[in-house]
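Undergrad: The number in our numbering is simply the position in the sequence shown, starting from 1, with 5 added.
Here a beta-carbon is modelled for each residue, glycine too, at the ideal position from N, C-alpha and C.
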Amino acid sequence: MRYYEEQGLLTPERSPSGQRLYRQDAIAMVRFFQQMYAAGLTSQRITELLPCWEAGHTDADQRAMLRIERERIQAKIDELEAARDRLDQVIAITDTHP
Numbered sequence: 006m007r008y009y010e011e012q013g014l015l016t017p018e019r020s021p022s023g024q025r026l027y028r029q030d031a032i033a034m035v036r037f038f039q040q041m042y043a044a045g046l047t048s049q050r051i052t053e054l055l056p057c058w059e060a061g062h063t064d065a066d067q068r069a070m071l072r073i074e075r076e077r078i079q080a081k082i083d084e085l086e087a088a089r090d091r092l093d094q095v096i097a098i099t100d101t102h103p
């Protein structure tokens with residue numbers, strides 16, 4: 006969680022004894038961050054997405070950015086599927102020629 010704090014993605018409150026107190030949705034937010042990192046988004050881009058996540062609505066610029074990221078992720082998925090299909094071909098060949 007500290008990493009996300011350092012990146013400016015989470016800002017916990019502090020108890021009187023100095024313990025970090027996270028919002029109830031912190032776990033869902035961290036899962037969102039992890040998914041976005043896995044998809045190749047940067048901390049900066051995720052920071053730009055947070056208002057969309059928190060407010061539940063976007064302006065035209067935010068929607069355009071979301072669509073660009075979605076298209077980039079879809080292209081990555083397509084490349085991975087093509088690689089998987091090639092591996093399937095190699096597996097099929099090697100299965101018939103032990």
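Tell me the DSSP secondary structure of L26 in three-state form.
TA: strand
Undergrad: With burial defined as no fewer than 16 other Cβ atoms inside 10 Å of the residue's Cβ, what is the status of L15: buried or exposed?
TA: buried
Undergrad: With distances taken from CA atoms, which of L26, R25, R50 is nearest F37?
TA: R50
Undergrad: Within the same chain, show all residues whose beta-carbon is closer than 8 Å to that of G45, passing over the 5 residues directly before and after it, in chain order.
TA: R77, I78, K81
Undergrad: Nearest to W58 by CA position, among I73, D83, A31, is which residue?
TA: Closest by alpha carbon: A31.
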